[in-house]
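Chains as they are written, first to last, in our numbering: chain A, 1 to 907; chain B, 908 to 1023.
What follows is a set of notes on a single structure, which appears directly below.
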Amino acid sequence: MAVFRRLISGIRGLVRNQQIEQELDDELRQYLETSIERKMQSGMSREQATRATRIDMGSVEAVKDGARDVGWESIVEGIWRDARFAVRILRKSPGFTAVAVLTLGLGVGANTAVFSVVNSLSLRTLPVTDPERLVTISSDFAINRGFTAGAGWNYGMWQLLRARLDAFEGGFAWTPAKFNLAERGEIDSIDGLYASGDYFSTLGVQAILGRTFTAADDVRGGGPDGAVAVISYRLWRGRFGGSRDAIGTRLVVDGASFTVIGVMPPQFSGMEVGRTFDLTLPLGTEPLINRAAAAIDEPRRLFLFIMLRLKNGQSADAATAAIRSMQPEILQTFSGTPPPFLKEPFTLVPASTGTSGGGGAPGLRQRYERSLLTVLVIVAAVLLIACVNVANLLLARTASRQRELSARLALGASPRRLARQLLVESLLLATLGAGAGLVLAAWASRALVAQLSTSLDRVVLPLPLDWRVLGFTATAGMITAILFGVAPAIRTLRMAPMHALKAQGQGGGSADTRTSVSGGLVVAQVALSLVLLVAAGLLLRTFDQLTNVPLGFDDDRVLLINVDTVQAGVDPAARNQLFHQLVGTVTRVPNVAAAAGSLWTPGSGAFNLIVDARGRATNDERRVIANFVTPSWFETFGIPLQAGRDISERDTAHALPVVIVNEAFVHRILPNREAVGETLVDSDSAILRGRTVIGVVGDAIYGSLRDPAPPTVYIPLAQSVGLQPPGRTTITITVRPVTGPPASVASAAGAALIATNRDVAFSFRTLADQMKASIGQERLAAMLSGSFAVLALVLAGVGLYGLTAYTVSRRRSEIGIRIALGARGADVVRMILRRTLWLTAIGIALGLVGAAFLTRYLEAMLFGVTPMDIWTLAAVSLMFAAVATFAAFLPARRAARTDPSLALRCE
Amino acid sequence: MTLGVKQSGLVQGTLDMLILKTLALEPMHGYGIGVRIEQISKGVFQVNAGSLFPALRRLERDGLIVGDWRPTKNNRRAKYYALTTKGRATLKRETRDWEVQSAAIARILQASPGEA
C-alpha cells in the first residue's frame, strides 16, 4: 500500500512539477518571513534578524533540494535535467563532441558489423515454427568433417524411412541443386532445392501467394497438377515483377516444363546458411530434369539429406534410439558396401540455426566462422582503444571544467549529484556513438558479406536488426560509457573545491594524478595496438605466402567452360563420345591455342575418388586422386611432362589401358622404380587395375593450397566409361587462347558448343578467378585484420598526440622559462619527447609480451609463418615507434616555438 | 543538539515522531512546529529548516499529515499541517514503542554490576 501511495505521489510530482515547485517556494518564503519577524520581536533590527535567519537556514537551495529528494520522482527529474544540461554542454564544444562520437561510432560500428554477420551465420535461428525441434541425421564421420547437413542417403533409404515417420512428428528429405532457367546456350543458373512432399508442412512455412506443394505433388513425374514448382520471394519480385499472375505460369527448368504454384514468404530462404533457394521442386520431379541420369533411380547416388521434427517433448535420446533402431533395415536397402559414414550409428544433430555444408563441400559456416570470430576479437580490442581515447579526452575536459565544477560544489551541490551529471554526459556520448555505430554497421556488414561471395558462389546472408544485434550494440554502448565515464566521475567525487578554485590547474596533486592515469591509459593503448598489428601482420604474411604457393600449373589466361549435357539425355557411353565431340569443336575455334577436357580441374577444391594405391577406399592419409582427361590437357594447364608421353587419340577404349601419374605418386607409391612402363597389377580398384604407366607429369594442387599436392593419376577420358561417378553429366573444357584474355574466346566457344549439340548448357569462368576464390577466407581475414590494425594504430597515435599536447600545455610556463634562459628548440623537443617515447617503449614491450601469449591462438590459421615470427615482430615494433615519434613530435615542435613572454603571462 | 536527517535512522524516525506529537496538540505551519519542539524540549532539540522540510514532505507523502493553506494571524498565507487519522494511529503506536525502548535502555543504564 505504501509503495502504491509513493508511486502516485511520484507521478503527481512529475506531472504537476510547476505547481509543487511554487508551493515549496511559497512555504519557504513564509518560513523565512516568520523567522525574521520572531527575531525582530525579540529585539533585533531587520537586518540582524535577516542575517541570523539566513545563517540558521543555510542554503535555501539546499533545503529545497532536500525536500525535493524525498520522492523517487526527483531522481527521474534530476536525470532528465542532467540530460538536457549534457546536451547543452556537448553542443558548446562541437569539436570535442564530433571527435568523441566519431571515435566511438567507428569502434561500436565495426563491432556491430562483424557481430551482425556472425549472428546471421551462426546464431540466428531459422524463421520457421519451433526450430529447436528440428534435427538432421548425421554420423560422427560427417560431424568431424564439419558437414552439418549430415550424411547422404539414397532414394531407397528415404522411401523406407518415410514409411516409418510416425516415430517423430514429421520429416523430409532434401538436396540442393543448381537449376538452369535458360532455354538453351549459356546457363542462367539459380540455386534451388529438391524436397520431398512434407518439406513445407514440416517446417511450418506457408506460401504468401498460391500454395506450397504437398505429398500429393511429390510423385514421380509430377502429381495431379503436373510438375509444380515453388519460387522464392526474391525470384518472384525479380523475374515475375511481383505480379499475382505468376501463379500458374510455365517455367522451363533445365529444358523441362514446370508450373509455378506458390511463392515463399520473404524471410524464408531455405535452411542452408548463406544460400537462398530460389526454386523448390518436389523430389519426384527430379527425373524430369536429370533424365537418364536421374538420382532417384540410382542407388549409388547418396544425395539426400534428411531433416526430422521431433515430437513435442520427445527427448534427443529417445529420438536417437528410434532412428538407430531403424538403421539396420535402412542399410539393407543399400546394395554393396555402404560407405563409412553410413555404417556408423546415426546421430541426430540439432538444426535450429540452419545447416551449412554437405555433400563433400564445406559450407559457409565452416569456411568463415573461425576467421570472423578472430576478427570479432580484434574489433573488440579496437573498441577498447577507442574508449581509452575518449576517456583521455573526457579527463582533459574535466580538468578544464574544474572551475565550473568547484563553483557548483561551493554553492552546495553534492559531489554525488555532480558525478551523476558527468555520468549522464558520458551516457549521452555513448548513445550518440552507438547510434552512429549502428548506421556505420548497416553499411559495413553488407560490405563484409559482399566480400564473402566469390566468383563461384554468391553468398546471400540476410542481416536483420534483430534483438541480438541491437542488444549487442546497446551493451557495447553501455560498457564504453562506463569505461570512459567512470574516471572523470570519480575524480569529481574527490575534488576539493578550494584547490580547484586556485590557480588554473597548475601544480598540486590532482594534475599529476591526471597525467599518470592518462599515461597508464596510453601505455595500454600502445600495447593493445601492437598486439593487433602483430596479428594483422601474421595474417597478411599468411595470405602472401598462400598466393606464392607453387601451383604446379599456369593459371594465367586459362578459360574454363563448364558444360552440362544433361538435357541431351544420352546414356553414359554416348555421353563420353559427346564429351569428346565438344572438346574437338572448341579446339577448332580460331584463336584457340589448345583445348582439352576433364571431369575435374586443379584448384576447384573438390575431388572425388578417395582410394589408396591399391584402389581401396581409405582415409585421407594414403589417398590418391584420379582425374579423367583428354589429350593435350596438360598442355592447356601448363603442367610439365617429366617423362614418357601424353595421352593421345590412340588411347581408346579398345587399346591398352594406360594411365599417367604425377611425381608425388611416383615418390609415394613407386619409389626406386622406373615408373614409365610399369603395370599396376595388384590393384583392387577397377580404376587402376592393369593399367600401364605411360608418362609422369608434375604435381598440381587440386584442393587446399595449404596441403601439398597429392599423388594423382590421370586416365584417358576415352577409357573411363563405367568408371565415372554415376550421374555425372558435366565436363570442364579448358581453353588457352593464342592471344588476348581468356574471355575473348568465350562467345566463339559457346557458339561452337551449341552448333555441336543444341541441348548443352554451359558457363564460363577463368582459372585465375577459381584460384582466387580458394583462398577467400585468408584474404578476408588479412584484409579485415589489416584495416582494423591500421585503425588501432591511428587511434593510438591520436592518443599519444593528445597526451603530449596536454603535457605541453601544462608545462607551458616552465618551457617559457627554459627558452628565456637560453634553451634551444632541440632541447625542448627532447625534453617533451622523452616522457612520451618512454611510455611508448613500455607499451611496445608490454605489447610484445602480450603478442607472445596471444598469437598462439592464431596458429591454426597461419601458413608459412610461425606465431613468433621475428621479422613480423620487428617490423611492427619499428613501424609503431616511427608513428609514435611522429605523433609526439608535432606538439613538441610547437612547444619549442613557444614565445616565452606569452607563456609566462598566460596564467 | 541539532536533529539532523543525515544522522542515524533512529534520529530521523524520532524527528518524525516529534512532529506528529506537536501536530497532535494543534495544527500549525513549519516554522511553528520547529519553535514548538524547541520550546517543549526546553532548548535541547533545535530543528533547522534543512531537516524539517524533508521530514514534512515525507510525512505528507506517507499520508500521516495533510497540508492546507490558510491565512496566519498576520494575514499572510501559510501552509498549516494537521494529523490525519492514520497519523494519529501511527503516533500512538510509535509512542508506545518508544516508551518500551526507552524503559529498557534506562534499565540497562541503571544496572549496577552484579544485578540480574
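Idealized CB from N, CA, C, for every residue including glycine.
Just so we're clear, the structure is a prediction, and the values are computed from it rather than from any experiment.
How big is the Cα-Cα spacing for residue i and residue j?
{"i": "VAL219 of chain A", "j": "ILE323 of chain A", "result": "25 Å"}
{"i": "ALA617 of chain A", "j": "ALA294 of chain A", "result": "Caution applies to ALA617 of chain A, whose pLDDT of 49 falls short of 50 and renders its modelled position unreliable; the value that the coordinates give is listed next. The straight-line gap from Cα to Cα measures roughly 25 Å."}
{"i": "GLY750 of chain A", "j": "PHE762 of chain A", "result": "8 Å"}
{"i": "ARG244 of chain A", "j": "THR739 of chain A", "result": "50 Å"}
{"i": "SER901 of chain A", "j": "ALA820 of chain A", "result": "8 Å"}
{"i": "PHE277 of chain A", "j": "LEU235 of chain A", "result": "9 Å"}
{"i": "LEU848 of chain A", "j": "LEU641 of chain A", "result": "49 Å"}
{"i": "ILE844 of chain A", "j": "ILE832 of chain A", "result": "19 Å"}
{"i": "ALA916 of chain A", "j": "LEU90 of chain A", "result": "Nothing in the structure corresponds to residue 916 of chain A, since chain A is present only between 1 and 907."}
{"i": "VAL829 of chain A", "j": "ALA892 of chain A", "result": "5 Å"}
{"i": "GLY863 of chain A", "j": "TRP174 of chain A", "result": "Note that residue 863 of chain A is Phe in the sequence shown here, rather than Gly. Cα-Cα distance, rounded: 37 Å."}
{"i": "ASN389 of chain A", "j": "GLU425 of chain A", "result": "16 Å"}
{"i": "ASN955 of chain B", "j": "THR492 of chain A", "result": "29 Å"}
{"i": "VAL957 of chain A", "j": "PHE628 of chain A", "result": "Nothing about residue 957 of chain A can be reported from this structure: the residues present for chain A run from 1 to 907 only."}
{"i": "ALA2 of chain A", "j": "ASP969 of chain B", "result": "7 Å"}
{"i": "LEU998 of chain B", "j": "PHE4 of chain A", "result": "22 Å"}
{"i": "THR766 of chain A", "j": "VAL713 of chain A", "result": "24 Å"}
{"i": "SER510 of chain A", "j": "ARG403 of chain A", "result": "At SER510 of chain A the pLDDT is 46, less than 50, meaning the model places this residue with poor confidence; the figure from the coordinates comes in the next sentence. One C-alpha to the other measures close to 13 Å."}
So with CB distances below 8 Å, who are the chain B contacts of residue i?
{"i": "TYR857 of chain A", "result": "Within 8 Å Cβ-Cβ: nothing; TYR857 of chain A doesn't reach chain B, min ~54 Å."}
{"i": "VAL76 of chain A", "result": "Residues of chain B passing the Cβ test: none, with the nearest at roughly 15 Å."}
{"i": "ALA67 of chain A", "result": "PHE960, PRO961, LEU963 and ARG964"}
{"i": "LEU2 of chain A", "result": "Sequence inspection shows Ala at residue 2 of chain A; the Leu mentioned does not correspond to that position. Per Cβ cutoff of 8 Å: ASP969."}
Could you give the residue range of the alpha helix (DSSP H) that holds residue i?
{"i": "TRP1005 of chain B", "result": "992-1017"}
{"i": "GLN947 of chain A", "result": "Because chain A is modelled from 1 through 907, residue 947 of chain A falls outside the range shown and cannot be assessed."}
{"i": "ASN389 of chain A", "result": "364-400"}
{"i": "ARG930 of chain A", "result": "Since the first and last residues shown for chain A are 1 and 907, residue 930 of chain A lies out of range."}
{"i": "THR50 of chain A", "result": "46-57"}
{"i": "SER243 of chain A", "result": "First-last for SER243 of chain A: undefined, no H or E at that position."}
{"i": "THR855 of chain A", "result": "Note, THR855 of chain A: premise wrong, no alpha helix (DSSP H); not H, not E."}
{"i": "ARG417 of chain A", "result": "415-452"}
{"i": "PRO964 of chain A", "result": "Nothing about residue 964 of chain A can be reported from this structure: the residues present for chain A run from 1 to 907 only."}
{"i": "LYS64 of chain A", "result": "60-68"}
{"i": "THR259 of chain A", "result": "That residue, THR259 of chain A, is in no alpha helix (DSSP H); its beta strand (DSSP E) goes 256-263."}
Which chain A residues sit within Cβ distance under 8 Å of residue i?
{"i": "LYS949 of chain B", "result": "Here the premise fails: no neighbours, minimum Cβ distance about 17 Å."}
At 7 Å on the CB atoms, spell out the chain B contacts of residue i, in chain order.
{"i": "SER35 of chain A", "result": "TYR938"}
{"i": "ASP56 of chain A", "result": "ASN955"}
{"i": "GLU27 of chain A", "result": "GLY937 and LYS986"}
{"i": "VAL63 of chain A", "result": "ALA956, GLY957 and PHE960"}
{"i": "GLY519 of chain A", "result": "Here the premise fails: no neighbours, minimum Cβ distance about 39 Å."}
{"i": "ALA447 of chain A", "result": "Residues of chain B passing the Cβ test: none, with the nearest at roughly 56 Å."}
{"i": "GLY71 of chain A", "result": "ARG968"}
For residue i, tell me which candidate among the options has the shortest Cα-Cα distance.
{"i": "VAL76 of chain A", "options": "A:LEU7, A:VAL738, A:PRO710 and A:GLY107", "result": "A:LEU7"}
{"i": "GLN421 of chain A", "options": "A:ASN591, A:ARG81 and A:ALA789", "result": "A:ARG81"}
{"i": "GLY957 of chain B", "options": "A:ARG54, A:VAL390 and A:GLN48", "result": "A:ARG54"}
{"i": "SER720 of chain A", "options": "A:ARG689, A:ASP707 and A:GLY703", "result": "A:ARG689"}
{"i": "GLN777 of chain A", "options": "A:GLY363, A:LEU251 and A:PHE85", "result": "A:GLY363"}
{"i": "ALA908 of chain A", "options": "A:GLY95, A:LEU530, A:ALA396 and A:ARG588", "result": "Within the shown structure, residues of chain A are numbered from 1 to 907, placing residue 908 of chain A beyond reach of any answer."}
{"i": "TYR233 of chain A", "options": "A:LEU394, A:LYS39 and A:GLY241", "result": "A:GLY241"}
{"i": "THR97 of chain A", "options": "A:ALA626, A:MET40 and A:LEU429", "result": "A:LEU429"}
Determine the chain B residues that contact residue i at a beta-carbon separation under 9 Å, and present them in chain order.
{"i": "GLN30 of chain A", "result": "HIS936, GLY937, TYR938, THR979, ARG983, ARG984, ALA985 and LYS986"}
{"i": "GLY43 of chain A", "result": "Going along chain B, no residue has its Cβ under 9 Å from GLY43 of chain A, so there is no contact; the nearest lies around 17 Å."}
{"i": "ALA49 of chain A", "result": "Those within 9 Å of ALA49 of chain A in chain B number zero; the least Cβ separation is about 13 Å."}
Can you give me the start and stop residues for the beta strand (DSSP E) that residue i sits inside?
{"i": "MET307 of chain A", "result": "305-309"}
{"i": "LEU463 of chain A", "result": "Taken as a continuous stretch (DSSP letters only), LEU463 of chain A belongs to no beta strand (DSSP E), as it is neither H nor E."}
{"i": "GLN642 of chain A", "result": "641-644"}
With a threshold of 8 Å between beta-carbons, can residue i be considered close to chain C, or not?
{"i": "GLY412 of chain A", "result": "The structure shown has no chain C; the protein chains it does contain are A and B."}
### Query
If you measure beta-carbon to beta-carbon, which residues of the segment 955-970 of chain B are closer than 7 Å to chain A?
Within the segment 955-970 of chain B, the residues whose Cβ lies closer than 7 Å to some Cβ of chain A are ASN955, ALA956, GLY957, PHE960, PRO961, ARG964, ARG965, ARG968, ASP969 and GLY970, listed in chain order.
### Query
Any residues in the segment 4-15 of chain A with a beta carbon nearer than 8 Å to a beta carbon of chain B? Which ones, in chain order?
For chain B, the residues of the segment 4-15 of chain A that bring a beta carbon within less than 8 Å of one of its beta carbons are ARG5, ARG6 and SER9, in chain order.
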